[in-house]
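Data first, discussion second: the structure below is written as structure tokens.
2 protein chains.
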Amino acid sequence: MSEQLGMQHKKSEFSEWYNEIVQKAELADHSSVSGCMVIRPYAHAIWERIQRALDDRFKARGVQNTYFPMFIPESLLKKESEHIEGFAPEVAWVTHSGETKLGERLAVRPTSETIMYESFAKWIRSWRDLPLKINQWCNIVRWEFKHPMLFLRTREFLWQEGHTAFADKETAKRDVEDAREDYRAVYEDLMAVPVVSGLKSEKEKFAGAEYTTTLEIMMPDGWVIQGCTSHHLGQNFSRPFGITFKDKDEKDQHVYQNSWGFTTRSMGILFATHGDDKGLIVPPRVAPVQAVIVPIYKDENKTEVLKYAHEISEKLPGLRVHVDDRDAYTPGFKFNWWELRGVPLRIECGPRDMASKEAVFVRRDDGKKTAVKLTGLREKAEAALEEIQKSLYSKAKKFADEHTKEASNMTELKKHLDGNRIRALWCGSRTCEDGVREETGAKISCLPYGLNTKPVKGECVYCGKGASHAAYFGRSY
Amino acid sequence: MSEQLGMQHKKSEFSEWYNEIVQKAELADHSSVSGCMVIRPYAHAIWERIQRALDDRFKARGVQNTYFPMFIPESLLKKESEHIEGFAPEVAWVTHSGETKLGERLAVRPTSETIMYESFAKWIRSWRDLPLKINQWCNIVRWEFKHPMLFLRTREFLWQEGHTAFADKETAKRDVEDAREDYRAVYEDLMAVPVVSGLKSEKEKFAGAEYTTTLEIMMPDGWVIQGCTSHHLGQNFSRPFGITFKDKDEKDQHVYQNSWGFTTRSMGILFATHGDDKGLIVPPRVAPVQAVIVPIYKDENKTEVLKYAHEISEKLPGLRVHVDDRDAYTPGFKFNWWELRGVPLRIECGPRDMASKEAVFVRRDDGKKTAVKLTGLREKAEAALEEIQKSLYSKAKKFADEHTKEASNMTELKKHLDGNRIRALWCGSRTCEDGVREETGAKISCLPYGLNTKPVKGECVYCGKGASHAAYFGRSY
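Quick look at the structure:
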């Protein structure tokens, strides 16, 4: 059984490696519904940690949770024209209940703007009702026909969607950034995944938004992926949905709105970013098990060593520790089992460690072994976990930086595109954006904030005319 | 605006009162999808507390969370014949994606046995893989045509469904009781809602179960409602789904299974049980706001009184306290606002209280006012909340007991049925069960454990022949 645990694929063969690790570490499974996945307990426990972190941040800035119906009548979904155009091809339609045909088809929500904003129009009357900051955690269906990859692209996924309404545009725009900052903090500080914050191009923005901000992330094959999005909707929805309020002068005004979402895709990004040839590496702050204690014993000293293992566990209050005392498996098997699952710290203890009141720390990220005395064990374990957390972030950041190449023309762009994202200037025209896509397959993944704080000077990578933006181009998931 | 806050209906007009309180306390809302509801922030915060309590209990006994696809292919749903017969009339069917007709219809899950057990068959190989204890929190759709009541009966609702598999029947049966005990604890200890534990009759059991246990609850109109259910499935699903394991002798065995669920209906029961003519009363342990501090000030002392209100709040760490410092509303309006929402303890403070270093406690359940010194305020508030919690339970228990009447024949049953549930003996035959239903509208809501511990002696309420069970009959939601 020990061999079955070992990874067949190296991380350099990324897509094979990814599919293998998702199965072998028991993260997710295919189901008999094509493109829909089963999220297994270990991954779900990670999702719960991500949820808690985001939910706490949302609540701290006054966002309240709700639940809206999953079904959206066709007529309601069609109320904002760009929105329905964007989502119509991917909608799953309920047409029957039992053997009865419904009077109107119901969309399974691809996103909840329309069903929520119908209620917003009822709830918002006065400036006193604003801001309204609503969130829901739910399932979403988008019946895509691209090749599914568990977590990264499935037809059903889990997410949160925040929907906020404000009396004025400036406050609304700040909320877009607040949400993006929540997302950045969870990706970078909790999941140790470095991100680039930026704007989407007009072409790539959300159907119905005024503008879309995004966190863009580098995948191990140099492709890029959208980590989440935060949209400013302006009055694009409040006008067709009639969401108005009486301002302090008793005048009717339309609200300004945002929506922002973060999905289970983030877990796929997490697994992809930190894994290695041996399996997963889960950053300590998001790990369901931060340290696994593996007792090494023979029949004659089993009782004492197991007791010692549990003593060690008790010396680590506040940490998420698991003692692997399964009798049916060898220590070697257990090492592989937990390495595959990416538990950041392994603590080995055998009779010799017991005699010297020690244990052996083994870091999952670099394999380094250190014998440690039990005195001050908790502080030592916390320090080791903190080091692992930082080291994982640094390593991922270095990788992303090294795989970001500059290009000032199409020859350079094409030369570097395999395995890299490209930093290049762009004139802002759709023609050039489409041109790059057609010639290379690369899309504009984002217009990074950092590169666009000052007016951009130089030539567009495609047409050579005056550029207005600095952009990241990349092949994307 | 103060008048609008007041309740128009008394609790004695239960269904009108219920619909009014759900709207006025902003608990839930209808949507443009018939029979589907919007759960608003205040009710959702209560649901989150119920979820946390249940989830903690599940985890403490080794249950792990997962997420399974919401869609179930028609062929899979049909694999267990009683199961599909029970659910087919209420299934919402997805037939199209975009404009493309699907090859096979997909059911929106009415419950997840079939989609989960397909995976169980893959995951379970050996006795080492057992027990398997899985849970998911998700949305469920049952397209009923009865009159919807928000929370109590809607076509989409939220729930958790636990699904467990065991090597032997006895352990499985204990798990049915463990789940039922989790539910009992949450209803009685958290929500202060008294329950009766019992078995469902063969007629009323879950489609596909060997037997179903339930918690039955008394509603304010004397009707009864099913609070949740916990089913022993025996091998009814493991046989058609081929869920087998090699036992310690390497022999293939089918697993024994259970499923158990608890839904957002519980909130409707909570609201119904504890409300009064002024609005909701939320038991302290489940209340999002346990104590609301209402400062009473005039322009000239506003700053000091508001400061004093926040000082009081700081003296209540660990309690869920809200200071209502909204300037646009009068204290009287605020009193009504929070009474309507059932916050269990109101703390008033004005300039005189400030001078004497006091505050006034007002209990929501009995309206009793007490001036209290700030010294030891937290202990006093905790004691008051604990008293309210206990008093709400006692009051509800007394109501349920008083509205439980005995009947030894149909004349007595009919005489007492309006506004009461009936305790009566039953011979166990379907004919008599159907007979009572046809003549009176009353169903067997449960066969209470407590009344069936010893062999039952006496005559069936319907046929007068020898009885085998003691049953509760009632009109039911």
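Heads up: the protein sequence lines correspond to chains A and B, in order.
367 is the number that the numbering used here gives to position 354 of the first sequence; each next residue is one higher, with no gaps.
430 is the number that the numbering used here gives to position 417 of the second sequence; each next residue is one higher, with no gaps.
Heads up, the beta-carbon is just placed ideally off N, CA and C, and yes, glycines get one too.
Against chain B, the beta carbon of residue 412 of chain A has no neighbour under 9 Å; the closest one sits roughly 30 Å away. For residue 448 of chain B, the uninterrupted alpha helix (DSSP H) segment begins and ends at 443-453. Under DSSP, residue 271 of chain B forms a beta bridge with B:177 and B:245. Only buried fits residue 149 of chain A, as 16 or more other CB atoms lie within 10 angstroms of its CB. Residues are counted here when their Cβ sits less than 7 Å from a Cβ of chain B; for the region 254-277 of chain A the count is zero.
Taken through DSSP and simplified to helix, strand or coil, residue 129 of chain A comes out as helix. Among the bridge pairs identified by DSSP, residue 289 of chain B is matched with B:292.
Bridge partners of residue 50 of chain B according to DSSP: B:43.
Under the three-pair Cβ rule at 8 Å, the region 360-370 of chain A does not count as touching the region 413-429 of chain A. In the structure shown, residue 199 of chain A falls within a helical segment according to DSSP collapsed to helix, strand and coil.
When beta bridges are read from the DSSP output, residue 279 of chain B appears opposite no residue.
The beta strand (DSSP E) runs of length 3 or more contained entirely in the region 384-471 of chain B are, from start to end of the chain, 417-419, 434-439 and 456-461. Residue 463 of chain A and residue 437 of chain A have their C-alpha atoms some 13 Å from each other.
Taken through DSSP and simplified to helix, strand or coil, residue 250 of chain A comes out as coil. The beta carbon of residue 152 of chain A falls within 9 Å of a beta carbon belonging to chain B, placing the residue at that interface.
In this structure, DSSP gives residue 364 of chain B a helical state, which the three-state scheme calls helix. Cβ contact annotation for residue 215 of chain A (same chain, cutoff 8 Å, sequence separation greater than five): 443, in chain order. Neighbours of residue 77 of chain A in chain B, taken as residues at a C-beta separation under 9 Å, are given in chain order as 53, 54, 55, 57 and 58.
Nearest Cα to residue 303 of chain B within the set B:309, B:156, B:355 and B:322: B:355. Per the coordinates, the alpha-carbon of residue 478 of chain B lies some 34 Å from the alpha-carbon of residue 100 of chain B.
Contact between the region 381-392 of chain B and the region 318-334 of chain B is present: 3 or more CB-CB pairs across the two stretches fall below 8 Å. Taking the CA atoms as reference points, residue 416 of chain A sits about 36 Å from residue 345 of chain A.
The contact set of residue 365 of chain A on chain B, defined by CB atoms closer than 7 Å, is empty, because the minimum CB distance reaches about 30 Å.
Under DSSP, residue 376 of chain A forms a beta bridge with A:358. Judged by DSSP in its simplified three-state form, residue 105 of chain A adopts strand. At least one beta carbon of chain B lies nearer than 9 Å to the beta carbon of residue 135 of chain A. Annotated three-state conformation of residue 96 of chain A is helix, per DSSP. Residue 322 of chain B: member of the alpha helix (DSSP H) spanning 315-327, first to last residue. Within the DSSP bridge table, the entry for residue 84 of chain A names A:121 as partners. Only residues of its own chain outside the window of five on either side were considered, and among them 355 have a CB closer than 6 Å to the CB of residue 295 of chain B, listed in chain order.
Cβ-Cβ distances below 6 Å link residue 337 of chain B to 305, 307 and 347 in the same chain, with the five nearest sequence neighbours on each side left out; the list follows chain order. When DSSP reads this structure, residue 171 of chain B sits in a beta bridge with B:152.
Rounded to the nearest whole angstrom, the C-alpha separation of residue 291 of chain A and residue 434 of chain A is 26 Å. Residue 143 of chain B is outside the set of residues whose beta carbon lies under 9 Å from a beta carbon in chain A. The beta-carbon separation of residue 151 of chain A and residue 80 of chain A, rounded to 7 Å, stays under the 8 Å limit for a contact. In the three-state scheme derived from DSSP, where H, G and I count as helix and E and B as strand, residue 297 of chain A is classed as helix.
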